[in-house]
Amino acid sequence: MQLHGTLTALTLLLAATVMLPHAVQAYEFDMVFQTKCIMEDVGEHEEVQGNYYAYQREGAGQAVPIDARFEDPQGVLVFEKQGSATGEFSFISNGEGEYKLCFTAKDYHTAQGTRIKMKWSTGVEAHDWQAVAKKDNLNVIQVEMRRLEQVVQTIHLELQNIRRKEERMRDINESTNNRVAWFNVIVALICIALAAWQLWYLNKFFKRKKVL
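Read in order, the letters of the sequence shown are residues -26 to -1, 1 to 186 in mature numbering (1 follows the signal peptide of the UniProt record, and there is no 0).
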């Protein structure tokens, strides 16, 4: 009976994980230019964690000191580290939107030979589940169930976010349709007024010429 419950829990966990948007991003890229930025959409009150390492693309792969700057959608600084080849960031997002992480080399020549390897995790995947298990003295199944609960909550929040976006888009569409309708009415009235003015002008013109 316990085995059946365990299998059911793991099945639910797998299903929920499949439904959850991919929350772990791994990057490895060449800087090319002196400043290179990575952007990612992050939900409101979402946990964000990550790390990076900058090294020489050619040769022995020696570490390359760079500056890192992380900003929220409003341009507010949430993380900054200068003159270091490695760094770790961790924070809770204040609002929904596109977060930007920029790396800057000391000059263009250095950037040309620099490669960056980084990992960026959000939501459930950014949580340290080993620390949770150790702190609360949980076994593997209990940890997975706790993680499942977090996954379900994340999916619920994501669905609410999608619904809010749909409502905003619907409001925008309705507002646009109303404006277009009023614009068409105004254009029609202008056309009618111009036609009436032309008839009046032509009638007056021909009377003056004694044609009518």
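Ideal placement from N, C-alpha and C gives every residue a C-beta, glycine not left out.
Quick one: measure Cβ to Cβ for residue i and residue j, integer angstroms, because I've assumed they're closer than 8 Å.
i: Ala42; j: Gly61; result: 5 Å
i: Ala79; j: Tyr27; result: About 14 Å; that fails the 8 Å criterion.
i: Leu131; j: Arg120; result: So it is not a contact: roughly 17 Å between Cβ atoms.
CB residue i to CB residue j, shorter than 8 Å?
i: Glu21; j: Ile66; result: yes
i: Leu75; j: Ile160; result: no
i: Gln8; j: Ala85; result: yes
i: Val44; j: Val38; result: It should be pointed out that residue 44 corresponds to Phe in this sequence rather than to Val. Not in contact: Phe44 and Val38 (Cβ atoms no closer than 8 Å).
i: Met92; j: Gly17; result: no
i: Asp110; j: Tyr73; result: no
i: Gln30; j: Trp94; result: no
i: residue 222; j: Ile40; result: This structure cannot settle anything about residue 222, because the visible part of the chain is limited to -26 through 186.
Give me whichever residues DSSP pairs with residue i in a beta bridge.
i: Glu14; result: Tyr73
i: Ile40; result: Ser58
i: Gly24; result: Phe63 and Trp94
i: Phe3; result: Ile90
i: Thr78; result: Thr9 and Asp41
i: Phe53; result: Phe44
i: Tyr175; result: Answer by DSSP bridge pairing: none, since Tyr175 is not bridged.
i: Gln30; result: Thr88
Given a threshold of 16 other Cβ atoms within 10 Å of its Cβ, counted over all protein chains shown, does residue i qualify as buried or as exposed?
i: Gly33; result: exposed
i: residue 252; result: Because residue 252 is not part of the residues shown, which for the chain are -26 to 186, the question remains open.
i: Glu140; result: exposed
i: Val114; result: exposed
i: Thr150; result: exposed
i: residue 187; result: Residue 187 lies beyond the residue range present for the chain, which begins at -26 and ends at 186; the question has no answer from this structure.
i: Glu118; result: buried
i: Phe179; result: exposed
i: Val154; result: exposed
i: Val125; result: buried
Is residue i near the ligand GDP - that is, is its Cβ less than 7 Å away from at least one heavy atom of it?
i: Val50; result: This structure does not include the ligand GDP; it has no bound ligands of any sort.
Measure from the C-beta of residue i to each C-beta in chain C and report whether the shortest distance is under 8 Å.
i: Thr128; result: You won't find chain C in this structure, because it holds only one protein chain.
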